[in-house]
Amino acid sequence: MKKAAPVLRTVILLAALLAACAPGASRAGEARQALVAFFDHLNCGEYAEADALYGGDYEALVSFNPALDPADHAALWQNGCRMNGLQCLTVRSATLKDHHSDTYVFFVEFNDPNGSLFVRGPCCGATETEMPSESHFEYRVAETADGQFKVLDLPVYVP
1 MKKAAPVLRT
11 VILLAALLAA
21 CAPGASRAGE
31 ARQALVAFFD
41 HLNCGEYAEA
51 DALYGGDYEA
61 LVSFNPALDP
71 ADHAALWQNG
81 CRMNGLQCLT
91 VRSATLKDHH
101 SDTYVFFVEF
111 NDPNGSLFVR
121 GPCCGATETE
131 MPSESHFEYR
141 VAETADGQFK
151 VLDLPVYVP
């Protein structure tokens, strides 16, 4: 019986290793890398590079910036991050929550500029009870037909 335990342990470890190397796991890792890179680019002011990793809607950015050309995505991102209240912070952690066909859903935590955990508190006169503080935010990343990964959601907004 004692000899069976190491064999069983080896089989379990091998199964876990194979599961981690499965195509779905590596694709989720690539989706996570795209998410982290998107926010790194925004945080560094590399708006064109960030835009290449974005596949979501620009409606809010355009409405925040009616004087800008809606096709000038880099300028929209710059204003979004610098003036419009989008929190273009670095990713502290991104944990896979779910996966539906070509879309990966992550729970994301961000770093404040001082390195501490970013927490969005109550807004606009609401109390903590009415609008509890948040430090985990949900982000979707979709795989396109050509195998690229695009972030679908805007950065956290703080008015």
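Residue numbering for the sequence shown follows the working numbering, starting at 1 and increasing by one per position.
Glycine is no exception: its CB is placed at the ideal position from the N, C-alpha and C atoms.
In the assembly as shown, LEU86 is a buried residue. Its beta-carbon has 16 or more other beta-carbons within 10 Å.
When secondary structure is reduced to three states using DSSP, GLU49 falls in the helix class.
For ALA94, the secondary structure class from DSSP, reduced to helix, strand or coil, is strand.
By the neighbour-count definition (other C-beta atoms within 10 Å, threshold 16), LEU117 is an exposed residue. Following the DSSP letters along the chain, one finds VAL62 inside the alpha helix (DSSP H) bounded by residues 59-64.
According to DSSP, residue pairing for LEU117 in a beta bridge involves ASN111. About 11 Å separates the beta carbon of VAL105 from that of LEU35, a gap too long to meet the 8 Å contact definition. Taken atom to atom, the span from the alpha-carbon of SER133 to that of PRO122 is near 6 Å. By the Cβ criterion, the stretch 66-80 is not in contact with the stretch 91-105, since fewer than three pairs of Cβ atoms, one from each stretch, lie closer than 8 Å. In the DSSP assignment, ALA67 falls outside any alpha helix (DSSP H) and carries neither an H nor an E.
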